[in-house]
Amino acid sequence: MSIYTIRMKNCAFFARHGVHDEEERLGQRFYVDAELTVDAGNALVRDSIENTVDYGTAFTAIERIITGKRRYLIEALALECAKSLCEHFPQISRAEITVRKPNAPVPGVLDHVEVTVAWPQE
61 MSIYTIRMKN CAFFARHGVH DEEERLGQRF YVDAELTVDA GNALVRDSIE
111 NTVDYGTAFT AIERIITGKR RYLIEALALE CAKSLCEHFP QISRAEITVR
161 KPNAPVPGVL DHVEVTVAWP QE
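Just so you know, we're using the numbering used here here: the sequence shown kicks off at 61 and counts up by one.
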């Protein structure tokens, strides 16, 4: 069984996650990277979208979660995305999701806060 990886980088979504009330009120942009380890099955031989992970569908699944129900922690967002992708696509043997929050409310200057979660967890 051969395995390959699909990477989706810097998917951007506007959402209202965070612990503080102003984060919900104002909202902000979140960036998501997805690294999906896929059991190749027949995809590499048959050259068919039905045998792999449709990354348009994967993007939409991530978007639905990120722009959906408010979460206090980006850790929870990342885990929900990883689990959801693994449930939706049986070809995915492991999903690693990174969520970046550029405007985290911290008492100083930083580029962004980021959390990476993998599913299934080892």
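Ideal Cβ placement from N, Cα and C applies to all residues, glycine included.
Nothing here was measured: the structure is a model prediction, and the numbers come from that model.
Determine which residues share a DSSP beta bridge with residue i and list them.
i, result
"LYS161", "VAL173"
"VAL92", "CYS71 and VAL159"
"ILE152", "VAL98"
"THR65", "THR97"
Taking just the CA atoms, how far does residue j sit from residue i?
i, j, result
"LEU145", "LEU96", "9 angstroms"
"GLY87", "ASP114", "29 angstroms"
"LEU137", "PRO162", "15 angstroms"
"CYS71", "TYR64", "20 angstroms"
"GLU15", "ALA94", "The question about residue 15 has no answer, for the chain in this structure spans 61 to 182."
"ASP81", "TRP179", "30 angstroms"
"GLU135", "ARG76", "14 angstroms"
"ALA100", "ARG85", "43 angstroms"
"ASP107", "GLN151", "15 angstroms"
"LYS69", "GLY78", "22 angstroms"
"VAL56", "ASN111", "Residue 56 lies beyond the residue range present for the chain, which begins at 61 and ends at 182; the question has no answer from this structure."
Can you give me the start and stop residues for the beta strand (DSSP E) that residue i sits inside?
i, result
"TYR115", "Taken as a continuous stretch (DSSP letters only), TYR115 belongs to no beta strand (DSSP E), being part of the alpha helix (DSSP H) at 115 to 126."
Provide the residue span of the alpha helix (DSSP H) that contains residue i, from first to last.
i, result
"SER144", "134 to 148"
"ASP81", "81 to 86"
May I ask whether a heavy atom of the ligand ZN can be found less than 7 angstroms away from the beta carbon of residue i?
i, result
"ARG131", "This structure simply doesn't include the ligand ZN, nor any ligand for that matter."
For this session: Take every Cβ of the stretch 117 to 124, pair it with every Cβ of the stretch 165 to 178, and state whether three or more of those distances are shorter than 8 angstroms.
Result: Touching, no.
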